[in-house]
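Enquirer: Numbering (the working numbering), first residue to last: 1 to 508.
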Amino acid sequence: MGGSAPASGPDFSSGIKLSDCPAEGTLAGRVGDTGVLLSRLGGEFYAISATCTHYGGALSEGHISERDVRCPLHHACFDLKTGAVLRAPALDPLDRWRVDIEGEQLFVREKLPSARAKALPESDVRRIVIIGGGAAGLACAVELRKIGYQGSIAMLTEDRDPPYDRPNLSKDYLAGTAQNEWMPLRSEDWYRENDIDLRLRTKVDVLDIEMREVRSNSGERVPFDRLLLAMGSEPRRLEQEGFSGPNVHTLRSFADARAIIEHAKPNSRAVILGSSFIGLEAAAALRQRKVDVTVISPEKAPFERVFGAELGRSLQRLHEDHGVRFHLGNVGAAFQNGEVVLAKGERVPADFVLVGVGVTPRTALAEAAGLTVDNGVWVNEQLETSCPSVFAAGDIAAYPDPLTQERVRIEHWTVAERQGQIAAANMLGAKQRFDSAPFFWTEQHGVTVRYIGHATRWDDIRSEGEIGIEQTLLRYYQEGEHLASATINRDKGNLEDELKLEARMRGH
Ligand SMILES: Cc1cc2nc3c(=O)[nH]c(=O)nc-3n(C[C@H](O)[C@H](O)[C@H](O)COP(=O)(O)OP(=O)(O)OC[C@H]3O[C@@H](n4cnc5c(N)ncnc54)[C@H](O)[C@@H]3O)c2cc1C
C-alpha cells in the first residue's frame, strides 16, 4: 500500500549522548524495531513515531520543519512535538514517547497517551448532521470528536458500506492485492465508541433550511444546528446505444468495484472509455487480473489535459508495455452485440465496459434548497455556504482559491478530507481558512505520479531533468506564475513545491 518507516539509526531507548543530538532540529532513530523522530525544539526534547498513520510512509524521508513533519507519500502532516494530525490524509495521531535526560545521556522511555486537542471556543451547537459518508464526511466526524465536540453527530449516507478507502477501489482493491479489511476507514466499533449515528442506505432528498432539518428517502426528519454537505460526485454516463446494460460499469463506490471484479476473469475482454485517472488506474489493475484491456479516448495522449502530452505519452508507453491497447483520438459510439463500435468505424470486442469519462458534483439537493450553486456549492474561504450554519466540503464545494482568487472545485481525496477537518472546526466557531494546496496522487503499474497545486491551463511547462516514468519533475506556469507541479520519484521536490505554493497562498 505504501512505504514503511525504516527502523534504523540509534536506539534511543538504550540512550544516546546529548552531544549527538542536534542543537535544534530532528534526528531519526528507533526504539527497538520502531522508527522514531527525536526533535529538540526550543531546548525541549520530543519523540514521535516515524511512520505515517495513513499508508505507513517513512516520515524521516518527508519534509521536517521546526514545527511539523509532512509525509512524502500523500502529504499528511503531523505536529513534531505531539504527533497530533495537522492535516489529512492521516486521520490518526502518531505515537509519542516520554524523553528523559540523565546526566549527559538522553533516553526515550515509555509511550505517552495522545495529546489533548486545544480547547474549543464556547459554542451552543448540539446537533450536527453530515450528509455523505465519504472522504469529507468521515474526516469531519473524526475531527469533531478529536476537538472535543460532545453533541450529537448523525452521518446520513446513501452508500450501503460504511466509509471506505475510495482511492483504493481503482488500485489495489480492483487488482485483487488489497484485502477487504484494508478498505473500511474505521471499524464498526469506532462509530459506536464515538457516538456517531451512521445511517447507511439513507439518501437525503430534502434540505429544509427554514426548519433546519433534512429529510431522507425513508421519511426520516433529522434536525440540525450545523450541517455539512459532502455528497461527492456522480460518474457521468453515456447516452449512446448499449451503454446502459448490465455489462457497462462506472466506478465510484465499493459496490461498483465489486461488480467489476465479478466480470474481471482472466482473458476476459474489457473496454475502458476514458484515459484519465479512473480509466487508466483501472486498466493497470485489470491487467494484474490478466484481463485483456483496450482504452478508447478522444485525447491525443492520456492525461494530456492534466499533465501535458509528454508525460502523458510516457504513461501511455508504460501501459502499452503492460499489454494495454489504445484507440486515441476516438470515442465509443455504441455497444452492440458484444462489441464497442468506435466513432471512426472500428469495432472492439468487449465482455464488459468501464465508463470513466469524468464526474459531476452532486449539487441537486443544495440547489433545490436555494443555496448558491454554480459548478459546485459555493462556499467562502471558511467553507460556509450562502446559508449560515450550512457548510460544504469535498468534490461538491466550489471555494475561492487563495492563490488565484478564482473559484475552484477540486476532486481529490486529500482536499475533501482536509476540507472536512476545517469545516468541523468552523462549525464550532474556529473561523479557519482553507488554504492548503490541492494534492493528489495516482498509481499505475507501480509508478506513482504526485501532483501539487492546481493548473487547469498553462502557457509553459518547465522540466527539471528528463521526463519519464523513472523520474520526473514538471512545473506548470501561467503568465510566469508557478501553479502546480507533477513528480515521479521526486517526493521531496513535490513537498518543497507544496511549501512554496502555500507560502504564496498565505501571502508570505
Ligand atoms: C475509484 C476512485 C479512485 C480515486 N483515486 C483517487 C486518488 O488516487 N487520489 C485522489 O486524490 N483522489 C482520488 N479519487 C477522488 C476522491 O475519491 C474524491 O475526490 C473524494 O472521495 C471526494 O470526497 P467527498 O467526501 O467529496 O465525496 P465521496 O467520497 O464520494 O463521498 C460522498 C458520499 O455522499 C453520499 N451521498 C451522495 N448523495 C447523497 C445524498 N443525497 N444523501 C446521502 N448520501 C449521499 C455517497 O453515497 C458517498 O458516500 C478517486 C475516486 C474514485 C471514485
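We treat Cβ as the ideally placed atom computed from N, Cα and C, and that holds for glycine.
Roughly how many angstroms lie between the CA atoms of residue 319 and residue 325, to the nearest whole one?
Expert: Near 8 Å, if we compare the C-alpha coordinates of residue 325 and residue 319.
Enquirer: Write down every uninterrupted run of the alpha helix (DSSP H) in the region 325 to 393 whose length is 4 residues or greater and which is fully enclosed by it, in chain order.
Expert: With a minimum length of 4 residues, the continuous alpha helix (DSSP H) runs that stay inside the region 325 to 393 are 364 to 368.
Enquirer: At the level of alpha carbons, what is the spacing between residue 76 and residue 89?
Expert: Each residue's Cα considered, the two are about 5 Å apart.
Enquirer: Where residue 468 and residue 435 are concerned, what is the direct C-alpha to C-alpha distance, given to the nearest angstrom?
Expert: If you take the alpha carbons of residue 468 and residue 435, they lie about 31 Å apart.
Enquirer: Per DSSP, residue 515 is paired with what?
Expert: Only positions 1 to 508 of the chain appear in the structure, and residue 515 is not among them; the question remains open.
Enquirer: On the criterion of 16 or more Cβ atoms from any shown chain inside 10 Å, does residue 43 qualify as buried, or is it exposed?
Expert: Exposed.
Enquirer: For residue 233 and residue 504, I'd like the C-alpha separation in whole angstroms.
Expert: Whole-angstrom Cα-Cα distance: 30 Å.
Enquirer: With a floor of 4 residues, list each alpha helix (DSSP H) that falls wholly inside the region 136 to 198, ordered by position along the chain.
Expert: List check, alpha helix (DSSP H) in window: 172 to 175 and 188 to 193.
Enquirer: Kindly examine ligand 3 and report whether one of its heavy atoms sits closer than 7 Å to the Cβ of residue 263.
Expert: As presented, the structure is devoid of ligand 3, carrying ligand 1 as its sole ligands.
Enquirer: Secondary structure at residue 240, three-state DSSP: helix, strand or coil?
Expert: Here residue 240 sits in coil by DSSP.
Enquirer: Once DSSP output is grouped into helix, strand and coil, what is the label at residue 322?
Expert: If DSSP states are grouped into helix, strand and coil, residue 322 belongs with coil.
Enquirer: With respect to the beta strand (DSSP E) encompassing residue 492, which residues constitute its N-terminal and C-terminal limits?
Expert: Element bounds for residue 492: not the beta strand (DSSP E) but the alpha helix (DSSP H), 491 to 505.
Enquirer: Measuring straight from C-alpha to C-alpha, what distance separates residue 350 and residue 268?
Expert: The alpha-carbon atoms of residue 350 and residue 268 are separated by roughly 8 Å.
Enquirer: Going straight from the alpha carbon of residue 177 to that of residue 353, what length do you get?
Expert: Roughly 22 Å between the two C-alpha positions.
Enquirer: Relative to the alpha-carbon of residue 7, which residue among 39, 61, 40 and 54 has its alpha-carbon at the smallest distance?
Expert: Out of 39, 61, 40 and 54, 61 has the C-alpha closest to the C-alpha of residue 7.
Enquirer: Verify the contact flag: residue 170, CB atom, against every heavy atom of ligand 1, threshold strictly below 7 Å.
Expert: Result yes, Cβ under 7 Å from ligand 1.
Enquirer: Quick check on the DSSP output: the beta strand (DSSP E) that includes residue 129 runs from which residue to which?
Expert: Segment 127 to 131, the beta strand (DSSP E) holding residue 129.
Enquirer: Consult DSSP for residue 110 and reduce its assignment to one of helix, strand or coil.
Expert: The answer is strand: DSSP assigns residue 110 an E or B state.
Enquirer: Per the DSSP calculation, residue 249 is bridged to which residue(s)?
Expert: 354, per the DSSP bridge assignment.
Enquirer: What beta strand (DSSP E) runs, 3 residues minimum, are completely inside the region 40 to 121?
Expert: For the region 40 to 121, whole beta strand (DSSP E) runs of length 3 or above, ordered along the chain, are 44 to 49, 68 to 70, 77 to 79, 85 to 87, 96 to 102 and 105 to 112.
Enquirer: Tell me whether residue 2 sits in a helix, a strand or coil according to DSSP, three-state version.
Expert: With a pLDDT of only 45 at residue 2, under 50, the local geometry of the prediction cannot be trusted, and the value read off the model is given with reservation. Reduced to three states, the DSSP call for residue 2 is coil.
Enquirer: Considering just the uninterrupted stretch of the beta strand (DSSP E) at residue 291, what are its terminal residues?
Expert: Run containing residue 291: none; DSSP gives neither H nor E here.
Enquirer: In the DSSP assignment, what are the bridge partners of residue 214?
Expert: Its beta-bridge partners are 207 and 222.
Enquirer: So, for residue 291: in the same chain, excluding its five sequence neighbours on each side, which residues have a beta-carbon less than 6 Å away from its beta-carbon?
Expert: These residues qualify, in order along the chain: 264, 268 and 270.
Enquirer: May I ask you to check if the CB of residue 131 is nearer than 7 Å to at least one heavy atom of ligand 1?
Expert: Yes, since a heavy atom of ligand 1 falls inside the 7 Å radius drawn around the Cβ of residue 131.
Enquirer: Pull up the distance between the alpha-carbon of residue 491 and that of residue 240, whole angstroms please.
Expert: Computed Cα separation, rounded: 42 Å.
Enquirer: In the DSSP assignment, what are the bridge partners of residue 400?
Expert: According to DSSP, which records beta bridges pairwise, residue 400 is partnered with 407.
Enquirer: Mind checking which residues open and close the beta strand (DSSP E) that includes residue 470?
Expert: Careful: residue 470 lies outside any beta strand (DSSP E) and carries neither H nor E.
Enquirer: Are residue 115 and residue 82 touching if we call contact CB-CB under 8 Å?
Expert: Yes.
Enquirer: Rounded to whole angstroms, what's the CA-CA distance from residue 283 to residue 453? Just pull it up for me.
Expert: Computed Cα separation, rounded: 26 Å.
Enquirer: Could you tell me whether any non-hydrogen atom of ligand 1 is closer than 7 Å to the CB of residue 70?
Expert: No; taking the cut-off as 7 Å, the Cβ of residue 70 has no heavy atom of ligand 1 nearer than that.
Enquirer: Roughly how many angstroms separate the alpha carbons of residue 329 and residue 136, rounded to a whole number?
Expert: Cα to Cα, residue 329 sits roughly 35 Å from residue 136.
Enquirer: Run through DSSP, which three-state label would residue 14 get?
Expert: Helix at residue 14.
Enquirer: So residue 74 and residue 442 are in contact, right, with Cβ under 8 Å, and what is the actual spacing, rounded?
Expert: In fact, because the Cβ distance is near 11 Å, the residues do not count as touching under 8 Å.
Enquirer: To the nearest angstrom, report how far apart residue 370 and residue 496 are at their CA atoms.
Expert: About 41 Å.
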